[in-house]
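Student: Residue numbers (the working numbering), protein chains in the order written: chain A, 648 to 713; chain B, 648 to 713. Glycine included, every Cβ here is placed at the ideal spot set by N, Cα and C. This structure is in structure tokens; I'll ask about it shortly.
Protein chains: 2
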Amino acid sequence: MKNRLKVLRAEKDWTQADLADALDVSRQTINAIEKGKFDPSLPLAFKAARLFNLPIEKIFDDEYEA
Amino acid sequence: MKNRLKVLRAEKDWTQADLADALDVSRQTINAIEKGKFDPSLPLAFKAARLFNLPIEKIFDDEYEA
DNA sequence: ATATAAAGTAAATAACACTTTACTTTTTGT
DNA sequence: ACAAAAAGTAAAGTGTTATTTACTTTATAT
């Protein structure tokens, strides 16, 4: 699943480590999600949505298949 | 995490099995999610949102802690 | 150019989403 | 009351999300 975390981070001038701290996950988790290695859990997606004050759908992009 | 699946199902007069079929998961998975035993994955949440034509936040309710 | 910060990557492990099978309890209809 | 459908529950197993530690590569600043 694609996401706009890198852009949203850039807008706030945050490093991956900054975002990781804000979301209470490891820096590697942020990196893996940004690189599309795996999808965040729903609670983590909610946390990101609250942090950026955006709906989940405006951060994560589920281009649906079948 | 709370959710409104039971109500949304009722509005369409669907059983847990009907919803499970529509979302391509097992009936037990629907039951467990409805009973709050675990949270759906983000892709499954997106699928439910599409099915009910609602934003994720209108189906799942993450009352945030800390 | 070189030091430093940031980002990328990888392996091992832990935690959780989801499945299958199977059984019990509750609800609904006649 | 009774049968049938729906919902609830549980255990064992699989795959994925997320963690930690640690190392390499890329970007930034002086």
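1. Determine the chain A residues that contact serine 673/B at a beta-carbon separation under 9 Å, and present them in chain order.
2. Got a sec, what are the start and stop residues for the alpha helix (DSSP H) aspartate 668/B sits in?
3. Does glutamate 658/B get closer than 8 Å to chain A when you measure Cβ to Cβ?
4. Please list, in chain order, the chain A residues whose beta carbon lies closer than 9 Å to that of leucine 689/B.
5. Just to confirm, are leucine 689/B and methionine 648/A a CB contact at a threshold of 8 Å?
6. Taking only three categories from DSSP, how would you classify phenylalanine 685/B?
Tutor: Walking through what the data contain:
1. Those do not exist, as serine 673/B stays about 18 Å from chain A at its closest Cβ, beyond 9 Å.
2. It spans 663 to 670 - the alpha helix (DSSP H) in which aspartate 668/B sits, taken as one unbroken run.
3. Residue contact check for glutamate 658/B against chain A: no CB pair falls below 8 Å.
4. Within chain A, the residues near leucine 689/B are Met648, Asp686, Pro687, Ser688, Leu689, Leu691, Ala692, Ile703, Phe707 and Asp709.
5. Between leucine 689/B and methionine 648/A, the C-beta spacing is below 8 Å.
6. Coil, per DSSP.
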